[in-house]
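Residues in the first sequence are numbered consecutively from 0, following numbering that gives the first Met the number 0.
No residue lacks a Cβ here, since even glycine has one placed at the ideal position from N, Cα and C.
Remember, it's a predicted structure, so these values are computed and weren't measured experimentally.
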Amino acid sequence: MPELPEVETVARGLRAALSGRRVSAARVLLAHHMRPSPEALVAGLVGSTFVGVRRRAKHLLLDLDDARCLVVHLRMTGQLRCHRPGDPLARHTHLVLTFVDGGELRWRDVRRFGWMELVAHADVDRLPALAALGPDALEIEAPDFVAALRGSRRAMKAFLLAQDVVSGIGNIYADEILFGARVHPRQVAAGLSARRAARVHAVMRDVLTRAIGAQGSSIDGQYVAVDGAPGAFQFQLQVYRRTGQPCVVCGTPIRRAVVAARGTHWCPRCQVRR
DNA sequence: GTCGATGTTATCAA
DNA sequence: TTTGATAACATCGA
Numbered sequence: 000m001p002e003l004p005e006v007e008t009v010a011r012g013l014r015a016a017l018s019g020r021r022v023s024a025a026r027v028l029l030a031h032h033m034r035p036s037p038e039a040l041v042a043g044l045v046g047s048t049f050v051g052v053r054r055r056a057k058h059l060l061l062d063l064d065d066a067r068c069l070v071v072h073l074r075m076t077g078q079l080r081c082h083r084p085g086d087p088l089a090r091h092t093h094l095v096l097t098f099v100d101g102g103e104l105r106w107r108d109v110r111r112f113g114w115m116e117l118v119a120h121a122d123v124d125r126l127p128a129l130a131a132l133g134p135d136a137l138e139i140e141a142p143d144f145v146a147a148l149r150g151s152r153r154a155m156k157a158f159l160l161a162q163d164v165v166s167g168i169g170n171i172y173a174d175e176i177l178f179g180a181r182v183h184p185r186q187v188a189a190g191l192s193a194r195r196a197a198r199v200h201a202v203m204r205d206v207l208t209r210a211i212g213a214q215g216s217s218i219d220g221q222y223v224a225v226d227g228a229p230g231a232f233q234f235q236l237q238v239y240r241r242t243g244q245p246c247v248v249c250g251t252p253i254r255r256a257v258v259a260a261r262g263t264h265w266c267p268r269c270q271v272r273r
């Protein structure tokens with residue numbers, strides 16, 4: 000499931016693969032979640048050239064040469080991949096962009112939760128989904144992060160998942176960050192000591208940075224990079240989906256429960272609620 | 001064949 | 001303020 004590290008990996012891949020390439024044709028296979036409309040998207044993309052790629056939390060911003068931007072959210076199962084023209088078309092491919100050099104960019108999304116919207120550059124920040132975002136998890140500084148913690152009565156798991164507070168973290172990394180910081184997922188944010196709050200911030204950066212270094216986590220074959228390669232961070236996960244397995248630190252079986260409406264994994268001995 | 005779980009986000013109710 | 005339920009959807013495994 001693409002979270003900040005996975006989206007960042009895709010953004011880097013697209014930046015290298017897309018920049019300077021002009022779209023010669025666009026084919027919609029499933030007209031779903033394309034704004035303002037599939038027709039407008041096709042008409043707007045054909046003839047345009049990609050000039051750069053940015054990431055905003057879990058959103059991809061594909062900048063075009065005509066002062067417009069294709070904003071993409073992969074949600075649960077979305078994939079953007081580069082292909083050769085003859086590559087077999089995978090099931091659930093919704094959109095195929097063909098470049099003047101013959102190569103293709105394909106958007107695939109099994110569960111169809113993802114969306115894309117073509118907007119003018121000037122309007123990017125006005126998209127409701129982007130306007131509501133808090134600072135990026137990799138950019139927020141410790142004092143601001145600690146202040147946000149102080150002001151929240153939410154459970155830590157819910158706090159890390161709330162995109163309007165700190166953006167980019169999803170279920171996998173929320174669990175990994177809380178384990179790394181030795182904080183219980185149901186711990187009330189404002190109840191953390193200054194010392195522990197600072198530790199959560201440091202661990203958040205460390206976990207996300209290492210996950211980017213490993214090209215993200217590929218779980219159930221969902222997320223892959225632009226070239227189809229899986230990430231490697233799933234092999235370093237310490238609690239996520241390790242229910243019943245021994246804690247890597249103390250050997251206590253990892254517990255699982257639903258917290259903030261998500262499957263949540265933690266070590267009952269290392270992560271004590273206070 | 002059915003059912004539950006999967007995890008992101010918007011929306012609405014409490 | 002915050003939480004919980006629901007809905008969007010397909011796939012997999014029990």
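Going by DSSP, Glu138 is part of no alpha helix (DSSP H) at all; its letter is neither H nor E. The straight-line gap separating the alpha-carbon atoms of Pro87 and Gly113 is approximately 22 Å.
Ranked by Cα distance from Arg80, the options Ala56, Arg11 and Ala147 are led by Arg11. In terms of Cβ geometry, Arg20 and Gly102 form a close pair [threshold 9 Å]. Just so you know, the alpha carbons of Phe98 and Leu117 end up roughly 18 Å apart. The C-beta of Cys68 has 16 or more other C-beta atoms within 10 Å across all chains shown, which makes the residue buried. DSSP places Ala228 in no alpha helix (DSSP H); its state is neither H nor E. DSSP places Thr208 in the helix class (H, G or I) of the three-state scheme. Pro252 has Pro245 as its beta-bridge partners, per DSSP.
Taking all protein chains shown into account, Thr242 has fewer than 16 neighbouring C-beta atoms within 10 Å of its C-beta and is therefore exposed. Asp163 is the residue among Val145, Glu138, Trp106 and Asp163 whose C-alpha sits nearest the C-alpha of Pro127. For Val45, the closest alpha carbon among the candidates Asp62, Val52, Ser23 and Ser166 is that of Ser23. If you keep only unbroken alpha helix (DSSP H) runs of at least 4 residues inside the stretch 35-86, you get 37-44. DSSP places Gly12 within a helical segment (H, G or I) once states are collapsed to three.
Note on geometry: alpha-carbon atoms of Asp143 and Ala196 lie some 11 Å from one another. For the stretch 107-193, the full-length beta strand (DSSP E) segments reaching 3 residues or more read 114-119 along the chain. A distance of 9 Å or more separates the beta carbons of Ala16 and Leu94. Sequence-distant Cβ neighbours of Thr48 in its own chain, meaning closer than 7 Å and more than five residues away, are Gly19, Arg20, Arg21, Leu63 and Asp64. Scanning Gln221, Ala260 and Val271 for the CA closest to the CA of Gln78 turns up Gln221. Residue environment analysis places Val257 among the exposed positions, since fewer than 16 neighbouring C-beta atoms fall within 10 angstroms of its C-beta.
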